[in-house]
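Colleague:
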Amino acid sequence: MPLFYALLSGKYPCLSRSEFISLLEFYEGNIVLELTNTTIFEVEDETDAINIQVRSSTIKEVGRVIGIIPSKGEPLFFKYCPNGKIYIKPHRIQGFLKSLDGNALVSIALSFIKKNCIESRKEDKKTVRVIAADGVLIIGELLSDRGKGDIISQNPHNLPFYKPGALNFWFARLLVNLSISKEGRVFYDPFCGTGSLPLSALNDWEFISICSDIRKDMCYGAKRNLKTLSKVNEFEIIRADARHLPIRERSIGFVATDPPYGRSIKSLFSDSTNLSQDSLKELANILDFGGKIVFSLDRNIAEKLIIPEGLKIKSRCPMYVHNRLTRIIMVMQKVE
């Protein structure tokens, strides 16, 4: 299989790595080498590599690897050359290889390509990246670096039905991407709120989506949002207590949710930790083997959470929000 590189987020390194691994598993690829904020991977088709970047919340860019130049030893050439004129653009990860300035990085990449590749007379211009990371230079042709500004700029206040605490679309996409797997096509969120998570599952992946909420007004509002904004009509809204779900065992493929906490639950539940704990136990029963559960929790709640038998933790990433809130994003998978 051809080799590709992925440039991950430096702001959320743990979450970006987890999102990348989830998407790579979905496209049945493999990690070859992990460096700081950069991963070399293989996947069957170039389109799949591009889709990993385009569909992500945190992956900055992907490209096709041309070569790797280690600080010691012989350079590695992967028998792939850019087809057409090239523009070389350097990128340095966290100050690695400071002894080489930008011009030196460009010069090294250009010499490597001239040595190994036959010059093409095609007029189309290709961007070639030279990335300095962990004592190696990665030279690759840029395939996709689509920015996330479009989804970040979408304000949940503009939803047809809005309530304070509604997830923004960038974060909803991230949680859904962390949850996806090849096992099943049914997505579920037991704390529906305004419906941001099932909306992402519908519009980004066209998965059958179910969400529930104990509050009648939230069920109504989520249904309004999904009817107005979803591109596909494969969804169901049910009114249910997340601690006692009316869903049969092993019928759900993946779950992503942001359980309520603090003042927002005091009129309905006695304790945020107990609510998260009881709902997780219930979700473990309805999840199919191989499926994943993604929980976004306040750090204090996450520290008290007991993982039910049959679930294993795949990743546990902090996400600083403000002085009074640090989220812990937990990804758990059901095993036989």
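Quick note on the working numbering: the sequence shown kicks off at 30 and runs consecutively. Glycine included, C-beta positions come from ideal geometry on N, C-alpha and C.
Can you look up Phe200 in the DSSP assignment and give me helix, strand or coil?
Modeller: Residue state, collapsed to three classes: helix.
Colleague: Going by Cα to Cα distance, which pick from Asn254, Pro111, Lys321 is closest to Phe190?
Modeller: Minimum Cα distance to Phe190 is reached at Asn254.
Colleague: So, is Val360 buried or exposed, given that buried needs 16 or more other C-beta atoms within 10 angstroms?
Modeller: Val360 is buried by the Cβ-count criterion.
Colleague: So the candidates are Pro42, Phe33, Val364, Glu90; which of them puts its Cα closest to the Cα of Ile358?
Modeller: Of the listed residues, the one whose Cα sits closest to Ile358 is Pro42.
Colleague: Return the CA-CA distance between Asp246 and Ala285, expressed in angstroms with no decimal places.
Modeller: Answer to the nearest angstrom: the Cα atoms are 21 Å apart.
Colleague: Is it the case that the segment 337 to 353 contacts the segment 42 to 60, given that we only count it when at least three CB pairs across the two stretches are under 8 Å?
Modeller: Touching, yes.
Colleague: Would you say Thr355 and Arg328 are within 8 Å of each other, going by their C-beta atoms?
Modeller: Yes, the Cβ-Cβ distance between Thr355 and Arg328 is below 8 Å.
Colleague: For a test of the three-state rule: what should DSSP assign to Ser296, helix, strand or coil?
Modeller: Low confidence applies here, because Ser296 scores a pLDDT of 48, under 50, leaving its location unreliable and the question unanswered by this model.
Colleague: So, Ile276 versus Ser305, is the Cβ gap smaller than 8 Å?
Modeller: For Ile276 and Ser305, no; Cβs fall outside 8 Å.
Colleague: If distances are taken between C-alpha atoms only, which option among Gly339, Phe324, Glu338 comes closest to Glu332?
Modeller: Answer by Cα proximity: Phe324.
Colleague: Would you say Leu53 and Ile60 are within 8 Å of each other, going by their C-beta atoms?
Modeller: Contact flag set, yes.
Colleague: Quick check on this structure: which residue in Lys211, Leu171, Ile79, Asn132 has the alpha carbon closest to the alpha carbon of Gly320?
Modeller: The shortest Cα separation from Gly320 among Lys211, Leu171, Ile79, Asn132 belongs to Lys211.
Colleague: Exposed or buried, Ile342, counting other C-beta atoms within 10 Å across all chains shown (16 or more means buried)?
Modeller: With fewer than 16 other Cβ atoms within 10 Å, it is exposed.
Colleague: For Ala251, which residues from the same chain have a beta carbon less than 8 Å from its beta carbon, with the 5 sequence-adjacent residues on both sides left out?
Modeller: The answer, listed in chain order, is Phe190, Cys221, Gly222, Thr223, Gly224, Pro227, Cys240, Asp242, Ile266.
Colleague: Which residue marks the beginning of the beta strand (DSSP E) containing Val452, and which one marks its end?
Modeller: Absent from the structure is residue 452, since the part of the chain shown begins at 30 and ends at 365.
Colleague: Is Ile147 helix, strand or coil by DSSP?
Modeller: DSSP places Ile147 in coil when its eight states are reduced to three.
Colleague: Do Val91 and Phe33 count as a contact pair if the criterion is CB distance below 8 Å?
Modeller: Yes; because the gap between Cβ atoms is below 8 Å, this pair is in contact.
Colleague: Does DSSP classify Leu172 as helix, strand or coil?
Modeller: Correct three-state label for Leu172: strand.
Colleague: Figure out for me which residue from Lys260, Asn206, Asp218, Tyr249 has the closest Cα to the Cα of Asn232.
Modeller: For Asn232, the nearest C-alpha among the options comes from Lys260.
Colleague: May I have the straight-line CA-CA distance separating Asp317 from Ile79, to the nearest angstrom?
Modeller: One C-alpha to the other measures close to 29 Å.
Colleague: Confirm, please, whether the CB-CB distance from Ile160 to Thr87 is below 8 Å.
Modeller: No, the pair does not count as a contact, with Cβ atoms beyond the cut-off.
Colleague: In whole angstroms, what is the alpha-carbon distance linking Asp307 and Phe283?
Modeller: Looking at the two C-alpha atoms, the distance is approximately 18 Å.
Colleague: Going by alpha carbons, who is nearest to Glu338 out of Leu171, His351, Leu309, Ser238?
Modeller: Checked all of Leu171, His351, Leu309, Ser238; the closest Cα to Glu338 is Leu309.
Colleague: What residue from Ala230, Arg272, Leu62, Gly96 has the CA that sits closest to Asp300's CA?
Modeller: Taking only the C-alpha atoms, the option nearest Asp300 is Arg272.
Colleague: First and last residue of the beta strand (DSSP E) that includes Lys40?
Modeller: Segment: none, Lys40 is in no beta strand (DSSP E) and carries neither H nor E.
Colleague: Can you name the residues that DSSP bridges to Phe283?
Modeller: Paired residues: Phe216, Lys321.
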